[in-house]
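Residues 27 to 405 (the numbering used here) make up the sequence shown, in order. Cβ coordinates follow ideal geometry from the N, Cα and C atoms, glycine included.
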Amino acid sequence: MFALNQVIQRISPATRVNRVGPIGLECAANALHLVQLETVSIGGIRVRAKASVSYQEDRADLLQSPRELRALIRKALGKGRFKGRKVVTAMPSGETRIMPVNYHVNPGQGDASIILKLMEERLDGNLTEYVIDYLPIRAGNQADDHSALVAIARREAVVEYLEVLRKSGLEVDCLEIGPVAIRRLVASMAPEGKRENVLVINCGRGASFLTIISGNRLLLDQAIQFGEDMLLAQIAGALDMPEPSVRKLVDLHSLDPLDGSKENALVAVGIDVATTLQEILKPSFLELVDEINRALIYMASQTHGESVDRIYLLGSVARWQGADKLLNELLVLPVETIPNPLKTFRRSGVPEAVNEIDAAPEIAVATGLALRGLRASDD
27 MFALNQVIQR ISPATRVNRV GPIGLECAAN ALHLVQLETV SIGGIRVRAK ASVSYQEDRA
87 DLLQSPRELR ALIRKALGKG RFKGRKVVTA MPSGETRIMP VNYHVNPGQG DASIILKLME
147 ERLDGNLTEY VIDYLPIRAG NQADDHSALV AIARREAVVE YLEVLRKSGL EVDCLEIGPV
207 AIRRLVASMA PEGKRENVLV INCGRGASFL TIISGNRLLL DQAIQFGEDM LLAQIAGALD
267 MPEPSVRKLV DLHSLDPLDG SKENALVAVG IDVATTLQEI LKPSFLELVD EINRALIYMA
327 SQTHGESVDR IYLLGSVARW QGADKLLNEL LVLPVETIPN PLKTFRRSGV PEAVNEIDAA
387 PEIAVATGLA LRGLRASDD
């Protein structure tokens with residue numbers, strides 16, 4: 027048997043790496059997230075390296091200190107088999123404004139000139155003070171009626187961000203916006219050959235974002251006032267508990283009284299805690315549902331009345347057991363949690379339990395950034 031295995035190994039082509047992609051880098055509100063992917067000779071994409079490093083100081087202060095950021099990046103790169111210093115990144119949330127615009131194109135006109143004219147009317151100051159990019163959404167019922175998502179950032183903020191990354195020893199290959207990275211990640215997860223309408227709820231610490239993707243088109247990206255810090259503060263206020271204790275409470279108990287996936291979840295005290303947490307948080311989740319319903323109405327208006335195929339929950343609240351089920355009940359629509367954005371690209375031969383052991387829903391944007399250029403359809 028040993029000799030047979032040797033023969034098989036000699037005649038079987040080894041799995042070789044064809045290309046290592048750039049490092050997807052996101053400076054999130056409380057942590058630096060890095061992901062690097064690679065293509066392999068047998069087809070497909072796998073994870074090469076990933077790392078997340080938290081920081082206690084304010085992100086704005088960190089980005090003003092190249093020395094501190096360089097040390098943080100060095101620490102993150104040391105956590106995995108990262109190759110090179112080329113990165114694809116996105117402006118920190120809050121630095122970029124995204125708005126949908128509808129406009130009419132006359133014969134001989136270009137979209138860019140019309141969008142710039144619209145922005146000149148809507149923005150304060152001179153257009154030279156901004157970096158403006160746009161992503162076409164669709165043409166309307168008439169060939170000359172168009173829609174686009176326009177991304178706007180102050181030029182000074184963009185230059186400062188790129189410069190601090192350069193001083194930190196990184197080479198920025200491309201600067202994107204977070205919704206494009208989310209679109210790329212969702213597209214990689216879709217059934218092959220099938221166009222789907224997907225709503226992504228990406229929950230952050232301070233705010234969340236609703237992103238609508240139709241096939242490979244980005245239809246909407248909207249910031250909403252719903253975040254993990256707000257939910258923790260609400261529980262702390264209602265129970266008169268310090269927030270660190272509330273965090274432990276949430277980690278130990280589900281929001282679903284009937285969820286037996288956590289230790290002691292079905293004993294009386296566990297059921298009482300889950301019921302109490304639901305009662306405290308339900309008003310905030312109902313506000314989230316209102317925002318989601320408005321987004322779905324907009325999606326229907328842009329897709330000739332089509333309904334949503336999937337709703338994905340990403341980000342920090344995706345770690346909360348029972349959060350997806352609570353949204354299911356309030357929305358009366360299926361909500362799927364994606365606790366591990368890297369699941370699609372897990373290494374072959376690695377047990378599933380090992381792949382899931384350090385799943386991190388917070389690295390969704392970094393994963394989408396890391397995908398840039400690895401698939402022809404992803405860009």
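Under DSSP, the beta-bridge partners assigned to residue 125 are 176. Note that the region 169-187 touches the region 122-132; at least 3 beta-carbon pairs, one per stretch, sit closer than 8 Å.
Note on the region 265-352: whole alpha helix (DSSP H) runs with a minimum of 4 residues are 269-278, 294-328, in chain order. Taken atom to atom, the span from the alpha-carbon of residue 390 to that of residue 80 is near 16 Å. Taking C-alpha positions only, residue 388 is separated from residue 342 by approximately 6 Å. Residue 171 is bridged by DSSP to 130. Of the residues assessed, residue 194 falls on the buried side of the cut-off, its CB having 16 or more other CB atoms within 10 angstroms. Using a 10 angstroms sphere on the CB of residue 284, the tally of other CB atoms stays under 16, which defines it as exposed. Inter-residue distance for residue 189 and residue 75 is about 25 Å (C-alpha atoms, whole angstroms). Setting aside the 5 residues that flank it on each side, residue 179 is surrounded in the same chain by 117, 121, 122, 157, each with a C-beta closer than 6 Å to its C-beta; the list follows chain order. In this structure, the alpha-carbon of residue 266 lies about 13 Å from that of residue 302. Three or more beta-carbon pairs separated by less than 8 Å link the region 225-236 to the region 244-252, which places the two stretches in contact. Distance from residue 58 to residue 72 at the Cβ level is roughly 22 Å; contact not present, criterion being Cβ atoms closer than 8 Å. Shortest Cα-Cα distance from residue 227 to any of 202, 254, 146, 201 involves 254. Excluding five sequence positions before and after residue 221, the CB atoms of its chain that fall closer than 6 Å to its own CB belong to 241, given in chain order.
Boundaries for residue 247: no alpha helix (DSSP H) harbours it, while the beta strand (DSSP E) harbouring it runs 243-250, taken from the DSSP string. Across the structure, residue 309 and residue 263 are spaced so that their CA atoms are roughly 14 Å apart. In the DSSP assignment, residue 57 falls within the unbroken beta strand (DSSP E) covering 57-66. Listed in chain order, the non-local C-beta contacts of residue 77 below 6 Å within the same chain comprise 60, 102, 105, 106, local neighbours out to five positions each way being set aside. Setting aside the 5 residues that flank it on each side, residue 351 is surrounded in the same chain by 282, each with a C-beta closer than 7 Å to its C-beta; the list follows chain order. Cβ-Cβ separation between residue 353 and residue 340: approximately 13 Å, too far for a contact (criterion under 8 Å). Pairing residue 89 with residue 139, the inter-Cα distance amounts to about 33 Å. The residue among 392, 115, 306, 270 with its C-alpha nearest the C-alpha of residue 191 is 115. Closest by C-alpha distance to residue 187, out of 400, 323, 53, 333, is 53. Residue 304 holds the alpha-carbon nearest to the alpha-carbon of residue 258 among 325, 210, 304. Contact between residue 322 and residue 260 is absent: CB atoms are separated by about 25 Å, not below the 8 Å threshold.
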